[in-house]
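Just so you know, the sequence shown maps onto residues 1 to 543 in UniProt numbering.
Virtual Cβ for every residue (Gly too), placed ideally from N, Cα, C.
All values reported here derive from a predicted model rather than from experimental measurement.
Structure first, commentary second.
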Amino acid sequence: METLSHTITTSASAKPRLPRNDNVHRRLLRFRHGFSSLNLGTLRSQRSSSGFFKVECSQQSSKNCIDFTDPDWKSKFQQDFERRFNIPHITDTFPDAHLFPSTFCLRMRTPVTEDFAEGYPSDEEWHGYINNNDRVLLKVIHYSSPTSAGAECIDPNCTWVEQCTYHLRVHRAGPREKIYFKPEEVKAAIVTCGGLCPGLNDVIRQIVITLEIYGVKNIVGIPFGYRGFSDKGLAEMPLLRKVVQNIHLSGGSLLGVSRGGPSVSDIVSSMEERGINMLFVLGGNGTHAGANAIHDECRKRKLKVAVVGVPKTIDNDILLMDKTFGFDTAVEEAQRAINSAYIEAHSAYHGIGVVKLMGRSSGFIAMQSSLASGQVDICLIPEVPFNLHGPHGVLRHLKYLIETKGSAVVCVAEGAGQNLVEKTNATDASGNIVLGDIGVRIQQETKKYFKEIGIPADVKYIDPTYMIRACRANASDGILCTVLGQNAVHGAFAGYSGITVGICNTHYVYFPIPEVISHPREVDPNSRMWHRCLTSTGQPDFI
Numbered sequence: 001m002e003t004l005s006h007t008i009t010t011s012a013s014a015k016p017r018l019p020r021n022d023n024v025h026r027r028l029l030r031f032r033h034g035f036s037s038l039n040l041g042t043l044r045s046q047r048s049s050s051g052f053f054k055v056e057c058s059q060q061s062s063k064n065c066i067d068f069t070d071p072d073w074k075s076k077f078q079q080d081f082e083r084r085f086n087i088p089h090i091t092d093t094f095p096d097a098h099l100f101p102s103t104f105c106l107r108m109r110t111p112v113t114e115d116f117a118e119g120y121p122s123d124e125e126w127h128g129y130i131n132n133n134d135r136v137l138l139k140v141i142h143y144s145s146p147t148s149a150g151a152e153c154i155d156p157n158c159t160w161v162e163q164c165t166y167h168l169r170v171h172r173a174g175p176r177e178k179i180y181f182k183p184e185e186v187k188a189a190i191v192t193c194g195g196l197c198p199g200l201n202d203v204i205r206q207i208v209i210t211l212e213i214y215g216v217k218n219i220v221g222i223p224f225g226y227r228g229f230s231d232k233g234l235a236e237m238p239l240l241r242k243v244v245q246n247i248h249l250s251g252g253s254l255l256g257v258s259r260g261g262p263s264v265s266d267i268v269s270s271m272e273e274r275g276i277n278m279l280f281v282l283g284g285n286g287t288h289a290g291a292n293a294i295h296d297e298c299r300k301r302k303l304k305v306a307v308v309g310v311p312k313t314i315d316n317d318i319l320l321m322d323k324t325f326g327f328d329t330a331v332e333e334a335q336r337a338i339n340s341a342y343i344e345a346h347s348a349y350h351g352i353g354v355v356k357l358m359g360r361s362s363g364f365i366a367m368q369s370s371l372a373s374g375q376v377d378i379c380l381i382p383e384v385p386f387n388l389h390g391p392h393g394v395l396r397h398l399k400y401l402i403e404t405k406g407s408a409v410v411c412v413a414e415g416a417g418q419n420l421v422e423k424t425n426a427t428d429a430s431g432n433i434v435l436g437d438i439g440v441r442i443q444q445e446t447k448k449y450f451k452e453i454g455i456p457a458d459v460k461y462i463d464p465t466y467m468i469r470a471c472r473a474n475a476s477d478g479i480l481c482t483v484l485g486q487n488a489v490h491g492a493f494a495g496y497s498g499i500t501v502g503i504c505n506t507h508y509v510y511f512p513i514p515e516v517i518s519h520p521r522e523v524d525p526n527s528r529m530w531h532r533c534l535t536s537t538g539q540p541d542f543i
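Given below as structure tokens:
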């Protein structure tokens, strides 16, 4: 069995890469819902002599691809969508699994006790449950033209635009009237993986509280990520409401975090030995790839286990979701760094402030932080290529800003401009490529450029990454974390496994994990939000 970190690396590397300056190709493959992760890995887009695209599939996956020459391809596309977004359930493996009346009811007369393990006494029926057939629309905008800002084509010839349609729906999250686990027989485990992110403790806290409301008595935390399943020196941590009551007042993770870990087989064997039948996994794309592998292994062994993910990525780069927890806090905390850079630059003679923010593959933090601050003159993100030198380069525009304004502020995402820095060829424990430092590169090149042209410049560089990661969640993220934690527990008791919980069009939903981890979500350079950022900064194209 391959190690978990290798599993994650393989999943993350399946995304096809396209030339950054080929906007048509990018928009075709950036369509996030038209193909499964398998299809994305096997599509080959080619421009024919007539100017249209021909989409071909490898023989191994031809049955999963959409044939756009088929007159009935739209209905088949919708059928394929419904198949892929039909979230896994305990009954897929255990068709005769028993149903029990839900022990979650807010119209109760008595605290949770063993006497009411089969359900709460109530004077009247409670109408707070979600029907299993409830769905949430994936898109709420109806684009009248494929040239509208933000519109993305489904087919190569752009005859159908991804938009509001009744057929593209996902499962609504929330408590169900019937559950598939008896609370007194549940041993639930929580694990936090990857790097730190504001809100981890908030999610842990709410998972524990909601489990206790269901009546679960046996809740544990796995220390230091997936590593805690194999390291004999790391004991699981018993979790009760009194243990987690105030942990949301601090940043970090009560359980600790780490990257990588043992093999999937070893993790599932450890779960069997410990008697864990509910696993809540907090992490990003790589962690979710591991959670999905754990889910698959449990099904292979015919274990009645619910594996539920809660997407944790400060970069906001999980597909299909409005946002992930920690993002709002990151944008808010980044304002301090940007304002400091502005004050330094504005107070100096020919001052230039450079701020590097998080964003390996996606520039959401840099974009929204720049938009929120109103103090940024240049915003650089991974999705939009740029040159430092040349008549249209960043440095030439900095010269213009110094001559006209007397100062400038640059905000750059850590994954931007990687073609301009020396490649490290190194990877971390999760298999992520170690990025070159674009912030330092911009600082050095800026100093060199202004020295060469004989204009004095005072360049200050700020990297607040670890200060932001360690913050406690702000109010907005606190609410998001609370609801995500609650719905993760509801999903597990409802019998779903191999799912993750997220917010889509302001509603909370369940997604099958493979559909959100095929590749990172990216800023659309043709989106209204990026256009708003450009309007705010006033920057030109740097190509």
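- In the three-state reduction of the DSSP assignment, A488 falls in the helix class, which pools H, G and I.
- In terms of Cβ geometry, D477 and G199 form a close pair [threshold 8 angstroms].
- The C-alpha of S347 lies about 18 angstroms from the C-alpha of K447.
- For the set V308, L371, A492, the Cα lying nearest the Cα of G283 is the one of V308.
- A direct Cα-to-Cα measurement between G260 and L435 gives close to 18 angstroms.
- Rounded to whole angstroms, the gap between the alpha carbons of N526 and C411 is 20 angstroms.
- Among the bridge pairs identified by DSSP, N218 is matched with K187.
- Nearest in C-alpha terms to I90, of all of N218, K300, I343, Y461, is K300.
- About 17 angstroms separates the CB atoms of G251 and D315; that is not less than 8 angstroms, and the two are not in contact.
- G363 is positioned such that its CB atom lies no closer than 8 angstroms to that of A330.
- Proximity to L480 across S536, V310, T465 peaks at V310, based on C-alpha coordinates.
- By the neighbour-count criterion, in which a residue is buried when 16 or more other Cβ atoms sit within 10 angstroms of its Cβ, T210 is buried.
- Annotation: the continuous beta strand (DSSP E) that includes D458 extends over 458-462.
- The three-state secondary structure of H507, taken from DSSP, is strand.
- If you draw a 10 Å sphere on the C-beta of R83, you find fewer than 16 other C-beta atoms in it, and that means exposed.
- When only Cα atoms are considered, V394 and A151 end up about 29 angstroms apart.
- In this structure, the CA atom of L196 is about 15 angstroms from the CA atom of D317.
- Per DSSP, the continuous beta strand (DSSP E) segment holding L380 begins and ends at 378-380.
- Taking the Cα positions, K76 is about 8 angstroms away from I66.
- Secondary structure at C411: strand, using DSSP grouped into helix, strand and coil.
- Around the beta carbon of A235, fewer than 16 other beta carbons sit within 10 angstroms, so the residue counts as exposed.
- For N277, the closest C-alpha among the options I543, V489, N132 is that of V489.
- When Q79, M367, A416 are compared, the shortest CA-CA separation from S361 is found for A416.
- Nearest to V216 by alpha-carbon distance, out of P512, T103, K405, is T103.
- Fewer than three pairs of CB atoms, one per stretch, sit closer than 8 angstroms, so the stretch 288-306 makes no contact with the stretch 334-341.
- Exposed is the label assigned to N133, since fewer than 16 other Cβ atoms lie within 10 Å of its Cβ.
- Beta bridge pairing from DSSP links K178 with P101.
- Beyond the five residues adjoining it in sequence on each side, E344 comes within less than 7 angstroms, by CB distance, of G351, G353, K460 in the same chain, given in chain order.
- If you ignore the 5 residues before and after F280, its C-beta comes within less than 6 angstroms of the C-beta of I190, I207, V308, A488, all in its own chain and listed in chain order.
- Taken atom to atom, the span from the alpha-carbon of Y508 to that of A494 is near 15 angstroms.
- If you check the CB distance, V203 and F327 do not come in under 8 angstroms.
- G286 is classed as buried because its beta carbon has at least 16 other beta carbons within 10 Å across all chains shown.
- K304 is bridged by DSSP to nothing; it lacks a bridge partner.
- Between A408 and D377, the gap from beta carbon to beta carbon is short of 8 angstroms.
- If you draw a straight line from the Cα of E272 to the Cα of T482, it comes to about 29 angstroms.
- Here the C-alpha atom of F511 lies approximately 13 angstroms from the C-alpha atom of A492.
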